[in-house]
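Residue numbers -19 to -1, 1 to 117, in mature numbering (1 follows the signal peptide of the UniProt record, and there is no 0), belong to the letters of the sequence shown in order. A virtual CB, placed ideally from N, CA and C, is assigned to each residue, including glycine. It should be emphasised that the depicted structure is a prediction, and the values quoted were computed from it without experimental measurement.
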Amino acid sequence: MNRTTIAAALLATAAALTACTATDDSSSDSKPTPKPAASSSTPDRGAVEHAAGIPPKPTAQARADLLAKLGKVDRAIVADPDEAIDNARNQCAAINGGASRLDYLAQQRFSSGTHEVTEADGKKINAAIGEFCKTA
């Protein structure tokens, strides 16, 4: 199981646990106990992503630089810039998590129904996003 899946499962479990409360209906005159805010017990998304090795979404120049590097590998993989950024961030989770067959994973992640990425391109993609992945 990869780190992203584990982080998502932990987040779902934490959300489910915050929804559970115990009530005692035996005393009708007691005041209801205030519930703690959900944010106090649920980790924020950025912390979960960081723990999974996913860097924050790049903005401004960092975003443009990352898209330019990916575009040098293959212009088709940046046809949808938001998807390319999401793919890069998710690939960083695999890289930072020590997954095996990283080139194959990049090939699978960046391929689409209209464009096939090769494993050799996957290797170039991993090289292109290496510095970006270190920001996680």
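Quick one: give me the first and last residue of the alpha helix (DSSP H) that residue i is part of.
i	result
Glu112	100 to 114
Arg90	83 to 91
Gly52	41 to 54
Gly27	26 to 32
Ile66	62 to 77
For residue i, does the count of other Cβ atoms within 10 angstroms reach 16, so buried, or fall short, so exposed?
i	result
residue 124	Not covered by the structure: residue 124. The range shown for the chain is -19 to 117.
Gly34	buried
Ala108	exposed
Glu30	buried
Ala28	exposed
Check each candidate in the options and name the one with the smallest Cα separation from residue i.
i	options	result
Asn77	Asp25, Ile110, Ala43, Thr40	Ile110
Arg70	Phe113, Ala49, Pro24, His96	Phe113
Ser92	Ala75, Arg56, Lys115	Arg56
Val79	Lys50, Pro24, Lys115, Asp63	Note on identity: in this sequence residue 79 is Gly, with Val being the wrong assignment. Of the candidates Lys50, Pro24, Lys115, Asp63, the one whose C-alpha sits nearest the C-alpha of Gly79 is Lys115.
Lys104	Thr95, Ser81, Pro39	Ser81
Mind checking whether residue i and residue j have CB atoms under 7 Å apart?
i	j	result
Val54	Asp84	no
Gln72	Arg44	no
Ala87	Ile66	no
Leu47	Val59	no
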